[in-house]
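Participant: The numbering used here puts the first residue of the sequence shown at 9, with every later residue one more than the last.
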Amino acid sequence: MRKEYSQSTLEREHLCDNPFEQFSRWFEEALEFEPHEANAMTLATVDSNSAPSARVVLLKSFSADGFIFFTNYSSKKGGDISVNNRVALLFYWPQTMRQVRVEGSAFKIDPSESDEYFNSRPALSKASSALSKQSSPLENRDEFDKRVNTLLGSGAEISRPDNWGGYSVKPDHIEFWQGGVGRSHDRFIYSLEGSQEWSITRLYP
Numbered sequence: 009m010r011k012e013y014s015q016s017t018l019e020r021e022h023l024c025d026n027p028f029e030q031f032s033r034w035f036e037e038a039l040e041f042e043p044h045e046a047n048a049m050t051l052a053t054v055d056s057n058s059a060p061s062a063r064v065v066l067l068k069s070f071s072a073d074g075f076i077f078f079t080n081y082s083s084k085k086g087g088d089i090s091v092n093n094r095v096a097l098l099f100y101w102p103q104t105m106r107q108v109r110v111e112g113s114a115f116k117i118d119p120s121e122s123d124e125y126f127n128s129r130p131a132l133s134k135a136s137s138a139l140s141k142q143s144s145p146l147e148n149r150d151e152f153d154k155r156v157n158t159l160l161g162s163g164a165e166i167s168r169p170d171n172w173g174g175y176s177v178k179p180d181h182i183e184f185w186q187g188g189v190g191r192s193h194d195r196f197i198y199s200l201e202g203s204q205e206w207s208i209t210r211l212y213p
C-alpha cells in the first residue's frame, strides 16, 4: 500500500508569485495527464455542531475571484455553508504526484451566472436537478426516475430552481504539494496578507 514518489522537486523559483497562476499551470498539466476528471475536488464543510463532512464535487471554473462549483443549496453541503461558510477544497492528481489544498470562504454567485450555467446543461441533468431533494431520504428510485422522464417528455422549458446554483470559494490559503522521494515532499503555502498581497512559505514535509 506504499508507493514511492518521483525524484521531482519543487523549489521557490519554480512557483508563480500569484497562486491562481500557479494553480492554472498545475491544472493544465493535470488535464493532460490524469485519465479521469482532473477537475474533481473534495469539498469539506462543517455544520452547526462542528461536525465535518466531505464529498467530491466538480470545479467548473476558477479565477482570482475564486473556485466555482454548482450544487443544490438545500443539500447537506448547502446547509453547512449557510451556517458556516468556511470550507476547504482538495485536488489530488496522482499521475503528476501533486495535491492542492485550498482554504477559504464560500459565497453564492450571482443568480444570472447560475442561470447561464444551468441553461447550458443537458436536459436530463436539468430535469434531475429540478426534481431532486438532494440529501433527503428517497424511498423509491423508480418513482423519481418516472417523474424525471415525465418532465422530459412534456417538452416544457426547465428553469433553474431557486435552490440550485453556484458557490465561489474565495481562498485565503492555497497549498501546493509535490510528492518526493522517501516521503520528503515539497510543500509551499500561499497566504493572503491584507486584501491583495500573497506571501509564500515553504512548509516541512
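All residues carry an ideal CB built from backbone N, CA and C; glycine is no exception.
Touching or not, the segment 66-81 and the segment 164-177, by the rule of three or more beta carbon pairs under 8 Å?
Facilitator: yes
Participant: In angstroms with no decimal places, state the Cα-to-Cα distance between L211 and S140.
Facilitator: 43 Å
Participant: Expressed to the nearest angstrom, what Euclidean distance is found between the alpha-carbon atoms of D55 and S61?
Facilitator: 8 Å
Participant: Can you give the Cα-Cα distance for W101 and L67, rounded to whole angstroms?
Facilitator: 14 Å
Participant: Beta-carbon separation of Q103 and F41 under 9 Å?
Facilitator: yes
Participant: List in chain order: all unbroken alpha helix (DSSP H) runs of 4+ residues lying wholly within the segment 71-109.
Facilitator: 84-91
Participant: Identify which residue in E201, R195, G202, W206 has its Cα closest to the Cα of L18.
Facilitator: Ranking the options by Cα distance to L18, first place goes to R195.
Participant: My assumption, with CB atoms under 8 Å, is that Q30 sits in contact with R106. Please give the rounded CB distance.
Facilitator: Actually they do not touch by this definition, with Cβ atoms about 11 Å apart.
Participant: With a cut-off of 8 Å on the beta carbons, I'd call P179 and G86 a contact; round off their distance for me.
Facilitator: Taking the Cβ atoms as the reference, P179 lies roughly 20 Å from G86, outside the contact range of under 8 Å.
Participant: Going along the chain, which residues of its own chain have a beta-carbon closer than 7 Å to the beta-carbon of S69, five neighbours each way excluded?
Facilitator: I76
Participant: Is the segment 148-166 close to the segment 132-139, with three or more CB pairs under 8 Å?
Facilitator: yes
Participant: For A138 versus I182, is the C-beta spacing smaller than 9 Å?
Facilitator: Not in contact: A138 and I182 (Cβ atoms no closer than 9 Å).
Participant: Can F99 and V110 be called in contact, C-beta distance under 9 Å?
Facilitator: yes
Participant: Please report the straight-line C-alpha distance between G74 and N93, rounded to a whole angstrom.
Facilitator: 14 Å
Participant: Based on the DSSP secondary-structure assignment, which residues constitute the bridge partners of A62?
Facilitator: A52
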